[in-house]
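Engineer: Okay, so the sequence shown: first residue is -11 according to the numbering used here, each after it adds one. By construction, the Cβ of each residue, glycine as well, lies at the ideal position given by its N, Cα and C atoms.
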Amino acid sequence: MNAERITLPGVADDDNRTLNGLLGQLAEKESRNRLRAAYYDMKRLTRLTGSVIPPQYWSLGIVLGWSARAVDILARRCNLDGFVWPGGTLDDLGWREVWEGNNLGSEVSQGVVSSLIHSTAFVVNHVGGKGEPSALIHFRDALDATGEWNARTRRLDSLLSVTGREDDHVTSLALYLDGRTIVAEKDSSGWTVEVQEHDYGVPAEPLPYKPRLGRAFGSSRISREVMGLQDQAVRALIRLEAHSDIYAIPDLWLLGADQSIFKNADGSLKASWQVVMGRIKGVPDDPDRDGDQLARADVKQFPAASPAPHLEALNAYAKMFARAASLPDTAVAITDLANPTSAEAYDASQHELIAEAEGATDDWSPYLRRAAVRALAMANGVKIRDVPAEWATIAPRWRDPRFLSRAAQADAGMKQLSAIPWLADTEVGLELLGLDPQQIERALADRRRAQAQQRTAMLAAAAQAARQDPVVAALDGSGGDAG
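(1) Are residue 136 and residue 358 touching if we call contact CB-CB under 8 Å?
(2) Start and end of the alpha helix (DSSP H) containing residue 41?
(3) With 16 as the cutoff for other CB atoms within 10 Å, does residue 234 come out buried or exposed?
(4) Whole angstroms is fine: what's the gap from residue -10's alpha carbon to residue 433's?
(5) Just tell me which of 64, 294, 68 has its CA closest to the CA of residue 425.
(6) On the premise that residue 71 lies in contact with residue 81, defined as a C-beta separation below 8 Å, what is that separation, rounded to the nearest angstrom?
(7) Apart from the five residues on each side of it in sequence, which residues of its chain come closer than 7 Å, Cβ to Cβ, to residue 375?
(8) From residue 12 to residue 224, what does the alpha carbon distance come to, in whole angstroms?
(9) Would you mind reading off the limits of the beta strand (DSSP E) that contains residue 104?
(10) Under 7 Å: does the beta carbon of residue 125 sit that close to some heavy atom of the ligand SAM?
(11) Can you name the residues that DSSP bridges to residue 200?
(12) Apart from the five residues just before and just after residue 353, which ones in its own chain have a Cβ nearer than 8 Å to its Cβ?
(13) Within its chain, find whatever has a CB closer than 6 Å to the CB of residue 32; leave out the 5 residues flanking it on each side and keep chain order.
(14) So does the segment 345 to 352 actually touch the segment 168 to 181, counting three or more Cβ pairs closer than 8 Å?
(15) Could you work out which residue in -3, 46, 445, 76 is closest to residue 227 when comparing CA atoms only?
(16) To which residues of the same chain is residue 269 closer than 7 Å at the C-beta, ignoring the five residues directly before and after it?
(17) Under 8 Å by Cβ, that's how I've got residue 105 and residue 24 pegged, so tell me the actual separation to the nearest angstrom.
(18) Whole angstroms are fine: how far does the CA of residue 302 sit from the CA of residue 253?
(19) Verify whether the separation of the beta carbon atoms of residue 418 and residue 407 is less than 8 Å.
(20) Taking residue 181 as the reference, which of 172, 51, 189 has the closest Cα?
(21) Would residue 363 and residue 210 be called neighbours here (beta carbons separated by less than 8 Å)?
(22) Among 133, 35, -1, which one has its Cα closest to the Cα of residue 10?
(23) Using the Cα positions of residue 346 and residue 339, report the straight-line distance between them to the nearest angstrom.
(24) Please report the distance separating the alpha-carbon of residue 18 from that of residue 131.
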């Protein structure tokens, strides 16, 4: 796709060059990104190949959702439960407003899905305006955002976010540079530009899936192998559909019959479905062939061919797809399945998927931590260079990608707490027992209330005992005469 060129008025030539370079980069990746989005959205139709299957079967629009399952099954194992700060209390910094005001749990989940589809997504920080949270966090996918990666600093040098299009032309955008954000919008009179200066560097981070040297923005989970196997499976389904139509009714041959059997009263040929569904009751003998072996029509029936070869091919493609996507066979295969015989067997069937989830969250964590620290700096009016060193321990907390039963998790937690008893009095101990963040917060709040009530009762009892002490009573009685 040809890149659109834009020249913003009142903007330095270097900044316009950066803008157009990023527009070119976005256009270069657009076709591949849209292709993968089509596979995920199940809007990609397999191409017609060969001439064995009639073309009308391709027009049925048969699709498979395997690519979406490859993305969604992994995404559901990558759940952000929140952020932790061993050196302090995040709520004292206003983190609750940032988390809830940005609906951050849901937004991160959406960013994770986009990262898996396109290989990366981007998280952008903004200072909140009137009626907004003090710090805003937005996520952008690779269809509308791209950036320049600095391998030396391991940060973005710039980020382009296209925020509006009309007739495939950009009508609004934001260009994030070091200490500056250029916001531009186009109307009938041309481009309107606003330059916002700030103290937060380039306020954006990537969220790459499987980054590697030379490919900092990672790779899509919907790889060429995944797309190819899905196409092969769809073709197998189309062949199965054609097979079902062809062999739905037994194949009959009428030996010795003439064409009149297949004609209407007016001499026109009957439609194929009329011939098939008409159930011919009888065929008269041919009077001109008396004694001839062809005097009577002979009907032969050939049994329908089994669809098993198509199903076997589909199952083979399913298993190959599962291997390519690090999924258990049960995720896509249709036959030859057996339930795991134990919890250990279940874990063994999932270990590749669990490893994928752990690797993905490890790659995303540093960038989400930077975005969270930047949001807290904005919320507290702290310049990015003045961020306290203590904030360096702020980190995301991901849910365990293993699906454990509550009983198994509690049992494992009790064994760990028995080895280190003092952990039972901490949030970490409650996490080990399998309590979710809301349950932990409620449990600690109930404990604080109970302790406060206990202290109040102890003080009341002590005061009552003191009033019954004769010495104290004497002091109370003489206290009014002092002076």
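Structural biologist: So, from the listed chains and residues:
(1) Locating residue 136 in the sequence shown gives position 148, counting from the first residue. Locating residue 358 in the sequence shown gives position 370, counting from the first residue. Result no, Cβ atoms of residue 136 and residue 358 do not sit closer than 8 Å.
(2) For the purposes of this step, residue 41 is taken as residue 53 along the sequence shown, with counting starting at 1. Unbroken run through residue 41: none, as it is neither H nor E.
(3) Locating residue 234 in the sequence shown gives position 246, where the first residue counts as 1. The residue is exposed, with fewer than 16 neighbouring Cβ atoms inside 10 Å.
(4) Start at 1 with the first residue of the sequence shown, and residue -10 comes out as number 2. Start at 1 with the first residue of the sequence shown, and residue 433 comes out as number 445. Their backbone Cα atoms lie some 59 Å apart in a straight line.
(5) By 1-based counting over the sequence shown, the position of residue 425 is 437. The option with the nearest alpha carbon to residue 425 is 68.
(6) Residue 81 sits at position 93 when you count from the first residue of the sequence shown. Residue 71 sits at position 83 when you count from the first residue of the sequence shown. Actually they are not in contact, since the Cβ atoms of residue 81 and residue 71 sit about 10 Å apart, beyond 8 Å.
(7) Within the sequence shown, numbered from 1, the residue matching residue 375 stands at position 387. Same-chain partners within the cutoff: 361, 365.
(8) Indexing the sequence shown from 1 puts residue 12 at position 24. Indexing the sequence shown from 1 puts residue 224 at position 236. Taking the straight line joining both Cα atoms gives about 39 Å.
(9) For the purposes of this step, residue 104 is taken as residue 116 along the sequence shown, with counting starting at 1. That residue, residue 104, is in no beta strand (DSSP E); its alpha helix (DSSP H) goes 92 to 106.
(10) This structure lacks the ligand SAM, and indeed carries no ligand of any kind.
(11) Reading the sequence shown from its first residue, position 212 is the one you call residue 200. Answer is 203, bridged to residue 200.
(12) Start at 1 with the first residue of the sequence shown, and residue 353 comes out as number 365. Once the five neighbours on either side are set aside, the close Cβ partners of residue 353 are 383, 384, 386.
(13) Counting from one through the sequence shown, the residue named residue 32 turns up at place 44. Once the five neighbours on either side are set aside, the close Cβ partners of residue 32 are 26.
(14) no
(15) As a position in the sequence shown, residue 227 is number 239, starting the count at 1. Nearest option by C-alpha distance: 46.
(16) Looking up residue 269 in the sequence shown gives position 281. Confidence is the limiting factor: at residue 269 the pLDDT is only 43, short of 50, which leaves the residue's position unreliable, though a coordinate-based value still follows. So no residue of the chain qualifies.
(17) Reading the sequence shown from its first residue, position 117 is the one you call residue 105. Reading the sequence shown from its first residue, position 36 is the one you call residue 24. That belief holds up - the Cβ atoms of residue 105 and residue 24 are roughly 5 Å apart, short of 8 Å.
(18) Against the sequence shown, residue 253 aligns to sequence position 265. Against the sequence shown, residue 302 aligns to sequence position 314. Each residue's Cα considered, the two are about 46 Å apart.
(19) In the sequence shown, counting from the first residue as 1, residue 418 sits at position 430. In the sequence shown, counting from the first residue as 1, residue 407 sits at position 419. Contact: no.
(20) Taking the sequence shown and counting its residues from 1, the one referred to as residue 181 is at position 193. Closest by alpha carbon: 172.
(21) Within the sequence shown, numbered from 1, the residue matching residue 363 stands at position 375. Within the sequence shown, numbered from 1, the residue matching residue 210 stands at position 222. Cβ distance not < 8 Å, so residue 363 and residue 210 don't count as in contact.
(22) Working through the sequence shown from its first residue, we reach residue 10 at position 22. Taking only the C-alpha atoms, the option nearest residue 10 is 133.
(23) Working through the sequence shown from its first residue, we reach residue 346 at position 358. Working through the sequence shown from its first residue, we reach residue 339 at position 351. Computed Cα separation, rounded: 10 Å.
(24) Here residue 18 is taken as the residue at index 30 of the sequence shown, counted from 1. Here residue 131 is taken as the residue at index 143 of the sequence shown, counted from 1. Cα to Cα, residue 18 sits roughly 6 Å from residue 131.
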